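Just so we're aligned: the sequence shown equals residues 117 to 649 in our numbering. Every residue gets a Cβ at the ideal spot worked out from N, C-alpha and C, and that includes glycine. From a predicted model like this one, the values you see are computed outputs, not experimental measurements. See structure below.
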Amino acid sequence: MLFNSPEFIFFFLPITLILFFILGKINNKLAIFLLLIASLFFYSWGKLEYLLLISSSVLFNYFWGILLEREILTHQKKLYLGIGILVNLGLLGYFKYSNFFLESTNHLFNISPAFQKIALPLGISFFTFQQIGYLADTCYGKVKVHNFLHYGLFVCFFPQLVAGPIVNSQDILPQFNEEYTYKFNIEDLAIGMSIFTFGLFKKIVIADSLSVYVAPLFNNATWGINPTLFEAWGGALAYTFQLYFDFSGYSDMAIGLARMFRIKLPQNFNSPYKAFCIIDFWRRWHISLSNFLRDYLYIPLGGNRNGTMRRDFNLMTTMLLGGLWHGAGWTFVFWGGLHGIYLVVNNYWHSFLKNLGHNPDSPKGFIKVVGVAITFTLVVVSWVIFRADSISAAGAILRGMAGLNGMMIPETIANSLWSIRYMFTTIGANFTYYSAQAEYNFIMPFIWTILLLPVIWFLPNTQEWMSSFEIKSEQTQINKEPQPEPENLISTIPYKPIWQLNIGYGILIGCILFITLKFSFALPQTNFLYFNF
């Protein structure tokens, strides 16, 4: 079931909300049970076989967590923790990486035996990592849970089940014990609906509208058609904004839906294209995954505590595995490796600036503008690899972006260039006749870019709009101790309260929701891009 589907918006959500708060007046356990059953229903909608998978995973990890809570020797706990992690990774590996392993093996040894492809269950990457974090926290005494309903809902809570955020048990489980969670509150409902509406607008009106300019470029590259300069940049930019607003929209909807139930989820997306360097980008993009990789992989590997060479190795290992987490394919490995290289170079550059007496974490003025522009360009390049079906397809698009596949400009545009046309001719541009539709598709990605760049660079994001209503970011979460890894901490942004709980903003939200629903009925329903991971 999709957040942007009519059955979710008009049936599942209102019915679940009403029943949750009715049962909350009677008994908290009944309300939790209802929400757990509703979440499992949501997850298994159209795919009943997924129910057995997630139920088995939840049961195993719950009882394994009880085993880890026992008073046993430290080395035994670590052994049990290792077994628990291996079981979870084994489940994830079977469903997510079996096809990749078999296809790579077949290609390497030039064999082609027939094998049944294994379907990837929705959300398995997210709920697997979430439960690995729970086992680790339980092993080291950070969390204790004896209530199966609470644990089941912690894993299966439908707003964040399929595509995150990857929530921390220390932040979510205590909220299930609070009496206020089960008491209806009109303010939380209004706040949640507003955030949900912002996210729905981003997904349907912006991301889905951009999708039509993305597929032609990447499909043509897969089929061996080399894109020219403007075609390559147009498609790459379209995907850059599609992914941004699709994932940002999902993150808003998840936070908004949870808030309707009086549950506060952590911020997962913080204007990453405003980042002034790649380190800053990873403080802002998919925050919950970045924090998981930091806390449960990068720091256990040694972090930056054992010299620069070991730090670089740890960063590369973390980013390669982070890339592989996103998908079973060499493009994801290359994408993770590229960001690992970005981060390594970025760290050396920061060290160089510090030696000169500058503060690289607080650039000002023109230096910051240049940093944002360079970072944005590097991210666009990396998204090409992330989206492409193969390394060769990614290479074709990147060559096009570098101008190595030549240039083609629609003739009607060329005729309006006048003297500039001669300059384009001297650098190898061809002026070709396009159909009206092809010319429209050629121009529109650049128009979208002109419209959206000011939005992502200068307008406040949802958390900034809603900052006076306790929209949490990771650095303000309950009992969150500061980590000794400054290059990975999330920067604190001084939000200014803008959105207010009044009739005027209610009318505004209603208009945005009406426009969004009109778009949703006119366009086909599409999955969120992160559902693929």
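Around the Cβ of residue i, are there at least 16 other Cβ atoms within 10 angstroms (buried) or fewer (exposed)?
i: F630; result: exposed
i: R421; result: exposed
i: N577; result: buried
i: L316; result: buried
i: Y329; result: buried
i: A653; result: Residue 653 cannot be examined here, being either before or after the span of the chain that is shown, 117 to 649.
i: R427; result: buried
i: V500; result: buried
i: E123; result: exposed
i: F158; result: buried
i: Y366; result: buried
i: S478; result: exposed
i: G443; result: buried
i: I322; result: buried
i: T546; result: One point to set straight first is that residue 546 is Asn, not Thr, in the sequence displayed. With fewer than 16 Cβ atoms within 10 Å of its Cβ, N546 is classed as exposed.
i: L236; result: buried
i: N177; result: buried
i: V486; result: exposed
i: H191; result: exposed
i: Q616; result: exposed
I need the straight-line Cα distance from residue i to residue j, nearest angstrom please.
i: N222; j: F647; result: 27 Å
i: K141; j: Y298; result: 7 Å
i: I536; j: M524; result: 14 Å
i: N144; j: L289; result: 14 Å
i: L575; j: N226; result: 53 Å
i: L269; j: S171; result: 11 Å
i: S636; j: T548; result: 35 Å
i: Q246; j: V278; result: 12 Å
i: V653; j: Q291; result: Examination of residue 653 is not possible in this model, given that the chain is present from 117 through 649 alone.
i: F126; j: T132; result: 11 Å
i: I394; j: L459; result: 6 Å
i: E347; j: I490; result: 21 Å
i: L494; j: D253; result: 36 Å
i: I282; j: Q276; result: 7 Å
i: G418; j: F408; result: 15 Å
i: W581; j: M309; result: 14 Å
i: Y166; j: K212; result: 14 Å
i: Y256; j: A374; result: 28 Å
i: G473; j: K484; result: 17 Å
i: I302; j: F128; result: 19 Å
i: N284; j: Y250; result: 7 Å
i: D287; j: E295; result: 16 Å
i: N471; j: N463; result: 12 Å
i: L168; j: Y210; result: 15 Å
i: K634; j: D324; result: 13 Å
i: P130; j: Y621; result: 21 Å
i: F450; j: G511; result: 12 Å
i: M425; j: F397; result: 22 Å
Beta-carbon separation of residue i and residue j under 8 Å?
i: F314; j: R503; result: no
i: L205; j: K193; result: no
i: F655; j: G372; result: It is not possible to answer for residue 655, since the shown part of the chain is limited to 117 through 649.
i: L403; j: F392; result: As written in the sequence, residue 403 is Ile, which differs from the Leu given in the question. No. Outside cutoff.
i: P343; j: N618; result: no
i: L135; j: L152; result: no
i: M517; j: W349; result: yes
i: L624; j: D362; result: no
i: S220; j: I234; result: no
i: G439; j: F429; result: no
i: M376; j: L265; result: no
i: I457; j: A352; result: no
i: L208; j: S241; result: yes
i: N120; j: K380; result: no
i: G445; j: F216; result: yes
i: T642; j: S327; result: yes
i: R399; j: S387; result: no
i: N650; j: P332; result: Absent from the structure is residue 650, since the part of the chain shown begins at 117 and ends at 649.
i: V261; j: Y267; result: yes
i: S406; j: H455; result: no
i: G198; j: W180; result: no
Return yes when at least one heavy atom of the ligand NAP lies under 7 Å from the C-beta of residue i, else no.
i: G522; result: The model on display carries no ligand, and the ligand NAP is accordingly not part of it.
4 or more residues per run - each alpha helix (DSSP H) lying fully within the stretch 367–417: List check, alpha helix (DSSP H) in window: 394–400, 403–409.
Inter-stretch contact at 8 Å, needing at least 3 Cβ pairs: the stretch 410–424 / the stretch 504–517: Short answer: they don't touch.
Runs of alpha helix (DSSP H) wholly within the stretch 185–235 (minimum 4 residues, chain order): 190–224
Those runs of the alpha helix (DSSP H) which lie wholly inside the stretch 476–503 and span at least 4 residues: 481–503
At least three beta-carbon pairs within less than 8 Å, the stretch 425–440 to the stretch 257–275: Here the stretch 425–440 does not lie against the stretch 257–275, with fewer than 3 beta-carbon pairs under 8 Å apart.
Runs of alpha helix (DSSP H) lying entirely within the stretch 326–360, each at least 4 residues, in chain order: 331–338
Stretch-stretch touch, CB-based, cutoff 8 Å, three pairs: the stretch 564–574 with the stretch 354–361: Taking a cut-off of 8 Å on C-beta distances, the stretch 564–574 touches the stretch 354–361, as three or more cross pairs fall below it.
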